[in-house]
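K.L.:
My questions all concern the structure below.
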Amino acid sequence: MAWLEIVDIVQETYEIILTWRKIFTQIALSLILPLTFIFLAHIEISNLLFGNFFHYLWLLHKNDHDQDLQKFDEFSDLITPKWTFFWLFNISYIVFLFVFSLLSTSAVVYTVACIHTGREISFKQVVSVVPKVWKRLIVTFFCVFASFFAYNLLAIFAFILLLFILLIQYGPYGNVNGSIFVVFFAIYFIGLLYLSVTVQLSSVVSVLEESCGFKAMAKSKALLKGKMLVATIMLLLINASLVIIQQAFLKLVVHGVWFGMVGRGILGIVCLFLLLSFFLWQLVLETVLYFVCKEHHQENIDKSALSNHLQVYLLNGYVPLTGKNVELENLEV
Numbered sequence: 001m002a003w004l005e006i007v008d009i010v011q012e013t014y015e016i017i018l019t020w021r022k023i024f025t026q027i028a029l030s031l032i033l034p035l036t037f038i039f040l041a042h043i044e045i046s047n048l049l050f051g052n053f054f055h056y057l058w059l060l061h062k063n064d065h066d067q068d069l070q071k072f073d074e075f076s077d078l079i080t081p082k083w084t085f086f087w088l089f090n091i092s093y094i095v096f097l098f099v100f101s102l103l104s105t106s107a108v109v110y111t112v113a114c115i116h117t118g119r120e121i122s123f124k125q126v127v128s129v130v131p132k133v134w135k136r137l138i139v140t141f142f143c144v145f146a147s148f149f150a151y152n153l154l155a156i157f158a159f160i161l162l163l164f165i166l167l168i169q170y171g172p173y174g175n176v177n178g179s180i181f182v183v184f185f186a187i188y189f190i191g192l193l194y195l196s197v198t199v200q201l202s203s204v205v206s207v208l209e210e211s212c213g214f215k216a217m218a219k220s221k222a223l224l225k226g227k228m229l230v231a232t233i234m235l236l237l238i239n240a241s242l243v244i245i246q247q248a249f250l251k252l253v254v255h256g257v258w259f260g261m262v263g264r265g266i267l268g269i270v271c272l273f274l275l276l277s278f279f280l281w282q283l284v285l286e287t288v289l290y291f292v293c294k295e296h297h298q299e300n301i302d303k304s305a306l307s308n309h310l311q312v313y314l315l316n317g318y319v320p321l322t323g324k325n326v327e328l329e330n331l332e333v
């Protein structure tokens, strides 16, 4: 049953993209293409600049233990500037990836919502709306980040506590059953997966509803009740697809020296196109899942109310009067 629902959602996603391919092509080329290029360029540049970086770190650590001061100083002088550049490079990458992710999410979710309500939509409108929508997404992003950070911090604390208890019970050289660690990490990854699934619709909620931040996360969790299996399978498929494309680029382009420069260039373009299509498909898919969850909970999607909510972005926050508002205003006069 879950697989049939997923097939229907995927089919609906493709139909939306193909029917409105002109505007989605414009969004993809202007916002998602830079995101895709940054993602793949980071893999390639990291390999060129830092391919032997961690090997040097190991040598530095080894010579420190061997107390070979001359070699230690040599490796230290070699690694220090690379270490600084390594962090600056990755921080810059995260910032650019973050910005274009928010811009792409804002544009795609707004576009799909306009299509759903039957509103006329143009690329010019999308571009004008994006800077107003992504501010709400920033709040949601940092709340999601804080949740994952707190979860991992709690997991680290629990793991240290587990080691302390085992140390007291078995001593430093005791024979500890390895299944204890298997169970611990199994619980950790199940919890991580659950958290990832429950916040899956947070970005869509932030654009299409008044909620953002932790409220958007709570709304996402509420919407996914009854659809957790579908959402979990979809999340795993999404991550699996991303890993396959990433590994294909790494093996065939970054390390695929046997293909030659021309062959690697062609394969790089193919990976770029696949990743571009994947990012677009993922964002449309999540928005379609949002509407499916709304229908599952029998939450009537008032298209006129949603349309007015979307229009607010175009009117710089001005809420258009409804027919009922106009009638009340006339009575007061």
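Our numbering numbers the first residue of the sequence shown as 1 and each following residue consecutively. Note that beta-carbon positions come from the ideal geometry of N, C-alpha and C, so glycine has one too. Computed from a predicted structure; not experimentally measured.
1. Candidates 134, 23, 247, 7: which alpha carbon is nearest residue 121's?
2. Could you give the DSSP three-state label for residue 335: helix, strand or coil?
3. Name the two residues that bound the continuous alpha helix (DSSP H) containing residue 171.
4. Please report the distance separating the alpha-carbon of residue 9 from that of residue 293.
5. Tell me the start and end of each unbroken alpha helix (DSSP H) in the stretch 191–247 that is at least 4 residues and wholly inside, in chain order.
6. Mind checking residue 295: buried by the 16 CB within 10 Å criterion, or exposed?
7. Please name the residue in 235, 298, 283 whose C-alpha comes closest to that of residue 32.
8. Please work out which residues of its chain come closer than 7 Å, Cβ to Cβ, to residue 235, disregarding the five sequence neighbours upstream and downstream, and give them in chain order.
9. To the nearest angstrom, how far is the alpha carbon of residue 232 from that of residue 34?
10. Please say whether residue 130 and residue 101 have beta carbons closer to each other than 8 Å?
11. Could you pull the start and end residues of the alpha helix (DSSP H) that residue 277 belongs to?
12. In whole angstroms, give me the CA-to-CA distance for residue 92 and residue 98.
13. Per DSSP, what kind of secondary structure is residue 126 in: helix, strand or coil?
14. Taking only the alpha-carbon atoms, compute the straight-line gap between residue 127 and residue 256 and give it to the nearest angstrom.
15. Is there contact between the stretch 240–247 and the stretch 201–212, where contact requires at least three CB pairs shorter than 8 Å?
16. For residue 133, which of 29, 150, 108 has the nearest alpha-carbon?
17. For residue 203 versus residue 217, is the C-beta distance shorter than 8 Å?
18. Excluding the 5 residues flanking residue 267 on each side, which residues of the same chain have their C-beta closer than 6 Å to its C-beta?
19. Hey, how far is the Cα of residue 141 from the Cα of residue 213?
20. Can you give me the Cβ contacts of residue 220 inside the same chain, cut-off strictly under 7 Å, excluding the 5 residues immediately before and after it?
21. Exposed or buried, residue 289, counting other C-beta atoms within 10 Å across all chains shown (16 or more means buried)?
22. Between the C-alpha atoms of residue 262 and residue 272, what's the straight-line distance to the nearest angstrom?
23. With a threshold of 8 Å on Cβ separation, who are the neighbours of residue 27 within its own chain once the five nearest residues in sequence on each side are excluded?
24. If you check the beta carbons only, do residue 38 and residue 96 fall under 8 Å apart?
25. When burial is assigned at 16 or more other CB atoms within 10 Å of the CB, is residue 17 buried or exposed?
26. What is the DSSP secondary structure of residue 176, counted as helix, strand or coil?
27. Rounded to a whole number of angstroms, what is the C-alpha to C-alpha distance between residue 12 and residue 119?
28. Where residue 179 and residue 164 are concerned, what is the direct C-alpha to C-alpha distance, given to the nearest angstrom?
29. Residue 250 and residue 43 look like a contact to me (Cβ under 8 Å); what is the Cβ gap, rounded to whole Å?
30. Nearest CA to the CA of residue 148: which residue from 191, 40, 225, 45?
P.N.:
Taking the geometry as given:
1. Locating residue 121 in the sequence shown gives position 121, counting from the first residue. Ranking 134, 23, 247, 7 by Cα distance to residue 121 puts 23 first.
2. In this structure the chain extends from 1 to 333, so residue 335 is not present and cannot be described.
3. Position 171 of the sequence shown, counted from the start, is the residue given in the question as residue 171. No alpha helix (DSSP H) contains residue 171, which DSSP labels as neither H nor E.
4. In the sequence shown, residue 9 corresponds to position 9, counting from 1. In the sequence shown, residue 293 corresponds to position 293, counting from 1. Cα to Cα, residue 9 sits roughly 11 Å from residue 293.
5. 202–208, 214–223
6. As a first step, residue 295 is located in the sequence shown; it is residue number 295 there, counting from the start. By the neighbour-count rule (16 or more Cβ atoms within 10 Å), residue 295 is not buried but exposed.
7. In the sequence shown, the residue the question calls residue 32 occupies position 32. Of the listed residues, the one whose Cα sits closest to residue 32 is 283.
8. On the sequence shown, position 235 is the one that residue 235 refers to. If we look at residue 235 and ignore the five residues flanking it on each side, its Cβ neighbours are 196, 197, 200.
9. Position 232 of the sequence shown, counted from the first residue, corresponds to residue 232. Position 34 of the sequence shown, counted from the first residue, corresponds to residue 34. The straight-line gap from Cα to Cα measures roughly 28 Å.
10. Within the sequence shown, numbered from 1, the residue matching residue 101 stands at position 101. Within the sequence shown, numbered from 1, the residue matching residue 130 stands at position 130. The answer is no: Cβ separation not under 8 Å.
11. Start at 1 with the first residue of the sequence shown, and residue 277 comes out as number 277. That run of the alpha helix (DSSP H) goes 260–296.
12. Residue 92 sits at position 92 when you count from the first residue of the sequence shown. Residue 98 sits at position 98 when you count from the first residue of the sequence shown. When rounded, the distance between both Cα atoms is 10 Å.
13. Translated into the one-based positions of the sequence shown, residue 126 becomes position 126. Looking at residue 126 - three-state DSSP - the assignment turns out to be helix.
14. As a first step, residue 127 must be located in the sequence shown, where it is residue number 127. As a first step, residue 256 must be located in the sequence shown, where it is residue number 256. Each residue's alpha carbon lies about 38 Å from the other.
15. no
16. For this step, residue 133 is matched to residue 133 along the sequence shown. Put simply, of 29, 150, 108 the residue whose alpha carbon is nearest the alpha carbon of residue 133 is 108.
17. Numbered from 1 along the sequence shown, position 203 holds the residue referred to as residue 203. Numbered from 1 along the sequence shown, position 217 holds the residue referred to as residue 217. No.
18. Start at 1 with the first residue of the sequence shown, and residue 267 comes out as number 267. Answer for residue 267: 252, 253, listed in chain order.
19. Numbered from its first residue, the sequence shown carries residue 141 at position 141. Numbered from its first residue, the sequence shown carries residue 213 at position 213. In this structure, the straight-line span from the alpha carbon of residue 141 to that of residue 213 is close to 7 Å.
20. In the sequence shown, the residue the question calls residue 220 occupies position 220. Closer than 7 Å at the Cβ level, and outside the excluded window around residue 220, lie 198, 199, 200, 201, 202, 205.
21. The sequence position of residue 289 within the sequence shown is 289, counting from 1. Answer is buried; the Cβ neighbour count reaches 16.
22. Position 262 of the sequence shown, counted from the first residue, corresponds to residue 262. Position 272 of the sequence shown, counted from the first residue, corresponds to residue 272. Between residue 262 and residue 272, the C-alpha separation is close to 15 Å.
23. Locating residue 27 in the sequence shown gives position 27, counting from the first residue. Once the five neighbours on either side are set aside, the close Cβ partners of residue 27 are 104, 107, 108, 111, 123, 126, 280.
24. Mapped onto the sequence shown, residue 38 falls at position 38. Mapped onto the sequence shown, residue 96 falls at position 96. Result yes, Cβ atoms of residue 38 and residue 96 sit closer than 8 Å.
25. Locating residue 17 in the sequence shown gives position 17, where the first residue counts as 1. By the 10 Å Cβ count, residue 17 comes out buried.
26. For this step, residue 176 is matched to residue 176 along the sequence shown. Of the three classes helix, strand and coil, the one that applies to residue 176 here is coil, per DSSP.
27. The sequence position of residue 12 within the sequence shown is 12, counting from 1. The sequence position of residue 119 within the sequence shown is 119, counting from 1. Spanning the two alpha carbons is a distance of roughly 18 Å.
28. Residue mapping note: residue 179 aligns to position 179 of the sequence shown, counting from 1. Residue mapping note: residue 164 aligns to position 164 of the sequence shown, counting from 1. Approximately 17 Å, taken between the alpha carbons.
29. As a first step, residue 250 is located in the sequence shown; it is residue number 250 there, counting from the start. As a first step, residue 43 is located in the sequence shown; it is residue number 43 there, counting from the start. Residue 43 and residue 250 do touch by the CB rule: their CB atoms are close to 6 Å apart, below 8 Å.
30. Here residue 148 is taken as the residue at index 148 of the sequence shown, counted from 1. Checking every option, the nearest Cα to that of residue 148 belongs to 191.
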